[in-house]
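All remarks here apply to the structure that follows.
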Amino acid sequence: MAKDLFLEIGCEEIPAGFVPKAMADMEALMKRELETARIEFGEIVTLGTPRRLVLAVKGIAERQPDAELTAMGPAKSAAYDAEGNPTKAAQGFARGQGVDVADLKVVMTPKGEYLAAVKSEVGRDTAELLPEMLPRLIGNIPFKKSMRWADFDVRFARPIHWIVALYGGSVVPFAFGNIESGSASRGHRFMANSTFPVRDFAHYLEECERHFVIPDPEKRKAIIRQEIDRVARQAKGNVLPDEALLEQVSFLVEYPSAVHGTFSPDFLVVPREVLITSMREHQRYFSLVDDQGRLLPGFITINNTLTEDPQVVVKGNERVLRARLSDARFFFDEDHKVKLESRVESLKSVVYQAKLGTSYEKMERFRELAKGLAQRHNPAVADKAARAATLCKADLVSGMVGEFPEVQGIMGREYALHDGEDAAVANAIAEHYLPTQAGGDLPASDIGAFVSLADKTDTICGCFSVGLIPTGSADPYALRRSALGIINIILDKKYREPLSGLIKASLELLAAKANRPVEQVYQDVLDFFRGRFVNLMADRYPSDVVDAVVSVSFDDLVEAAAKIQALAEFRKRDDFAPLAGAFKRVGNIVKDGVDTPVAANLFQEQAEGALYEAQQQVKQKVEAALGKADYLAALTEIATLKSAVDLFFDKVMVMAEDEAVRQNRLALLTAIARLFGSLADFGRLSA
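In this text, residue positions in the sequence shown follow full-length UniProt numbering: the first is 1, and each later residue adds one.
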C-alpha cells in the first residue's frame with residue numbers, strides 16, 4: 001500500500017530569490033532519490049515561504065522491489081592472462097563487488113566481451129530508506145550562498161530551527177545538525193509564534209492558515225494582487241503592472257497585507273523611472289498611476305503582518321521613501337549643472353575592464369562600429385548614431401547613476417534632452433542598453449539599434465580577445481545575454497548584416513588589446529553566436545530543421561531564420577519523408593561532389609537527359625525565388641525534382657565502368673545536391 005510523504009524545513013528568513021529555485025531543486029532531488037532507490041511514487045508538490053520549505057509526495061510505495069543488479073567490469077582480454085588465469089584487474093573488480101572471481105560472468109556488449117558481477121538485491125522498506133534520503137536531500141539543496149551555524153558540520157541557506165518529516169502519518173526519524181525531525185511545525189513569527197502538530201499535508205495547510213501562514217506561493221501572489229488592487233481603488237489610482245516585483249514580494253512574506261502611502265508631489269519633477277526604481281528596487285513598493293498612465297505621488301507596500309494601526313506603518317514607510325527621493329532630487333538638480341557632453345571626458349578615468357581599457361576607449365571603438373552599421377543600413381542617421389554612441393556612457397559618471405545604477409541610459413536620455421540634444425539621439429542613449437533581459441523590449445529606432453549592436457559586439461569580442469570567455473554557468477560579463485540581444489535586434493530589424501563582417505570589424509578595433517590570436521578569437525566568437533542562435537531557433541522550430549539550415553550557413557541571421565521557418569513549414573507536407581530520402585541518397589553518393597561541368601553528349605540513358613533538363617529548369621526558378629527571399633517557394637520548386645531523381649536511380653547505374661560517363665553522372669548529381677544544399681543539409685533531417 002502506498003503512503004504519502006511530508007517534509008517541512010523551518011529556518012531563519014531565506015532570501016526571496018533563493019526560495020523558488022530551492023523549491024524546484026527539492027522536487028528534482030526527491031525524484032532522483034526515489035528513482036535511484038527504485039521506489040514508485042506519485043505527484044510531487046513543493047511550496048515555500050521566507051521561513052519554510054515544504055515537500056509533499058503522494059503515493060510512495062512501502063517497499064522497493066527486489067532487483068538483479070549488473071556491474072560491468074574490465075574487458076575479458078584484460079581480465080585473464082594467456083593461460084586463462086584471472087589478472088589483478090579481475091581480482092580487484094571481484095573484491096570491489098564483494099563476490100568471488102569464480103562468480104563473475106562474461107557478457108557480450110557492443111564493445112566486445114566484458115566481465116560482469118550479477119548480484120541479487122532484496123528490496124528494503126521505504127520507511128527504512130527515508131531516514132537516509134531526507135537528510136541527504138536537505139544537505140544537497142544548492143543555494144547561491146549557504147552558511148554554517150554553531151559548530152555543526154552541515155550547511156543550509158539559513159540556520160534550521162525545526163524539521164517536520166512524516167511518512168504515512170508517522171515521523172521519519174533523522175537528525176540534521178542539531179535538529180531532530182518531528183511532527184510539530186510553527187506559526188507566523190509575530191502573529192502566532194507557537195508550535196502546532198501536523199498529521200499530513202492537508203492538515204498542515206489548514207493549520208498554517210490558522211496560524212497566519214500561507215505556504216503556497218501562488219495563493220500568496222493571488223492575495224497580494226487582490227490587496228494591491230483593493231488599496232489602489234481606495235487611493236483612486238491604478239497599480240503600475242510589475243509581475244517581477246509581485247513574484248519577489250510573494251517570497252518576502254508569509255501573510256500579506258497591503259497599505260497605501262504618499263509622497264510629496266514636488267518629487268514628480270524627477271524622471272518617473274527614477275521614482276519607480278527608488279520605490280521598487282530599494283523599498284519593494286508598488287507604484288500608482290492615473291487612468292492616463294501618469295505617475296501618482298503614492299505607493300503600496302506589502303506587510304508581513306496585520307497591523308493594529310496602519311498609519312504607524314504608513315508613516316514609517318513614507319519617512320524612509322522621503323529620504324530616498326530627497327537624494328534623487330538632489331542628484332537630479334546637481335547633475336543638471338553639468339552638460340552631458342562635458343562628462344564624456346571623465347570616462348577616460350573610468351576603467352571598463354583592466355585588460356580592455358577605459359570606458360572612453362570602449363566608446364571610441366563601438367562608435368566606429370555604430371557609424372559603420374548606420375552607413376550600411378540607414379546612412380541618413382549615421383551622424384546621429386555616432387553622436388548617440390559618443391554620449392551614451394556619459395551618465396555613468398553622473399551623481400544620479402552613481403546612486404541609482406539601475407537608471408543608467410534613462411538618465412542619459414533625460415540629461416541629453418535637457419541639454420538640447422536631438423530627441424532621436426537622446427532616445428537612442430536610453431535604447432542602447434536594450435534588451436535588458438530575455439524577451440525584453442528591443443530598441444525601437446535604428447539609431448538605438450546600431451549603438452546597441454555596436455556596444456554589445458565590442459563587449460563580446462573584447463572579452464573573447466583577452467580570454468574572458470563564459471564557462472558553464474559562469475558568465476560575469478553577461479556575454480550570452482549580449483549575444484542573444486544582438487541576434488534578436490538583427491532579426492527584429494531585419495538587417496542583412498553578416499555576422500562575420502561585424503565580428504571582424506570589431507576585432508580590428510580591438511587589435512591593440514587582444515592577447516589571443518585573432519583567427520582563434522574570430523572562430524570562437526562565431527561559434528558562440530552559432531550556439532546562441534541555434535538555441536533560440538530550437539525553442540521555436542524542430543532542432544533537426546535548425547541544424548540542417550545552420551550547418552549550411554547562418555552568417556546572415558535574417559536569411560537563416562527565414563530558411564528555418566520555410567523548411568519547418570515545408571516539412572509538414574505528406575510527401576516530405578520520401579522527398580528527403582531521395583535528397584539524402586543523392587548526398588550520400590556525391591558527398592563532396594565533383595566540379596566538372598555536365599556534358600549532355602555523354603548521356604547514355606533517357607533518364608539522364610530528363611533529370612538534367614528538369615534540373616536546369618528548376619535551377620532558374622529556385623534562383624529567382626531565392627532572389628526574392630521566398631524560401632518556401634524555392635523548396636517547393638526543388639521538390640518537383642523528386643520524380644526525375646527517382647527515375648534516374650531506377651534506370652541509371654551511377655558508377656559506370658566508363659570513367660567519363662561515371663564522372664558525368666556524378667557531376668549531374670552534384671548539381672542536384674548543390675541546388676538543394678543552398679537551402680539546407682537534408683542529410684541532417686530525421687525521418
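Beta carbons: idealized from backbone N, C-alpha and C, even for Gly. Given the structure is predicted, the values throughout are model-derived calculations rather than measurements.
Neighbourhood of residue i by C-beta, 8 Å cutoff - its chain only, sequence neighbours within 5 removed
i, result
"His282", "Arg324"
"Gly84", "none"
"Met147", "Arg155, Phe156, Ala157, Arg158, Pro159"
"Ile410", "Pro271, Glu273, Val274, Ala430"
Reduced DSSP category for residue i - H, G, I as helix; E, B as strand; rest coil
i, result
"Thr436", "coil"
"Asp527", "helix"
"His418", "helix"
"His336", "coil"
"Val397", "helix"
"His211", "coil"
"Cys11", "strand"
"Ala667", "helix"
"Val654", "coil"
"Pro379", "helix"
"Ile477", "Position check: residue 477 holds Tyr in this sequence, whereas Ile was assumed. It is coil, neither helix nor strand."
"Arg573", "coil"
"Ile39", "coil"
"Lys119", "strand"
"Ser170", "strand"
"Arg63", "strand"
"Thr46", "strand"
"Leu465", "According to the sequence shown, residue 465 is Ser rather than Leu. Residue state, collapsed to three classes: helix."
"Arg294", "coil"
"Leu53", "strand"
"Ile141", "coil"
"Glu180", "strand"
"Tyr495", "coil"
"Met1", "coil"
"Ala561", "helix"
"Met191", "coil"
"Leu288", "strand"
Beta carbon of residue i nearer than 8 Å to that of residue j
i, j, result
"Glu608", "Phe583", "no"
"Cys461", "Tyr477", "no"
"Asp4", "Lys76", "no"
"Val118", "Val164", "no"
"Ala90", "Pro65", "no"
"residue 693", "Val545", "Look at the range of the chain in this structure, 1 to 687, and you will see that residue 693 is not part of it."
"Asp547", "Arg684", "yes"
"Val259", "Arg343", "no"
"Arg220", "Pro256", "yes"
"Gly402", "Arg186", "no"
"Glu121", "Ala202", "no"
"Leu115", "Ala82", "no"
"Lys362", "Asp458", "yes"
"Ala454", "Ala370", "yes"
"Gly399", "Phe331", "yes"
"Phe263", "Ala328", "no"
Cut-off 6 Å between Cβ atoms - residues of its own chain near residue i, not counting five sequence neighbours on either side
i, result
"Val425", "Lys384, Arg387, Ala388"
"Val518", "Leu507"
8 Å contact criterion, which residue i and residue j should meet: CB distance rounded
i, j, result
"Met23", "Gly48", "5 Å"
"Ala232", "Phe212", "Not quite, the Cβ-Cβ distance comes to about 24 Å (not below 8 Å), so this is no contact."
"Ile179", "Trp162", "7 Å"
"Leu240", "Ala16", "The pair is not a contact, with the Cβ atoms about 20 Å apart (cut-off 8 Å)."
"Leu166", "Phe6", "5 Å"
"Val590", "Leu666", "6 Å"
"Gln615", "Leu679", "No, Gln615 and Leu679 are not in contact; Cβ-Cβ is about 15 Å, not under 8 Å."
"Gly467", "Arg516", "6 Å"
Cβ-heavy atom distance, residue i to the ligand MG, below 7 Å
i, result
"Met191", "The ligand MG is not part of the structure shown, which contains no ligands of any sort."
Proximal residues to residue i (C-beta, below 7 Å), its chain only, five neighbours per side dropped
i, result
"Ile564", "Met537, Tyr541, Val545, Val546, Val549"
"Pro265", "Pro297"
Review point. For the 8 Å Cβ check, are there 3 or more pairs between the stretch 440–459 and the stretch 405–421?
Key: no
Check your understanding: Is the stretch 533–550 touching the stretch 655–675 in the sense that three or more CB pairs, one from each, lie closer than 8 Å?
Key -> no
Point to revise | Cβ contact check for the stretch 609–624 and the stretch 570–578: 3 or more pairs under 8 Å | key: no
Review point. Would you call the stretch 633–642 and the stretch 611–624 in contact, with 3 or more CB pairs under 8 Å?
Key: yes
Review point. With contact counted as at least three CB pairs below 8 Å, one residue from each stretch, are the stretch 445–461 and the stretch 337–344 in contact?
Key: no
Check your understanding: Between the stretch 122–141 and the stretch 88–106, are three or more C-beta pairs nearer than 8 Å?
Key -> no
Check your understanding: Counting pairs of beta carbons, one from the stretch 240–251 and one from the stretch 213–232, are three or more of them closer than 8 Å?
Key -> yes
Practice item. Answer yes if the stretch 646–666 comes into contact with the stretch 598–606, meaning at least three C-beta pairs across the two stretches below 8 Å, and no otherwise. Key: yes
Point to revise | Cβ contact check for the stretch 519–529 and the stretch 473–492: 3 or more pairs under 8 Å | key: yes
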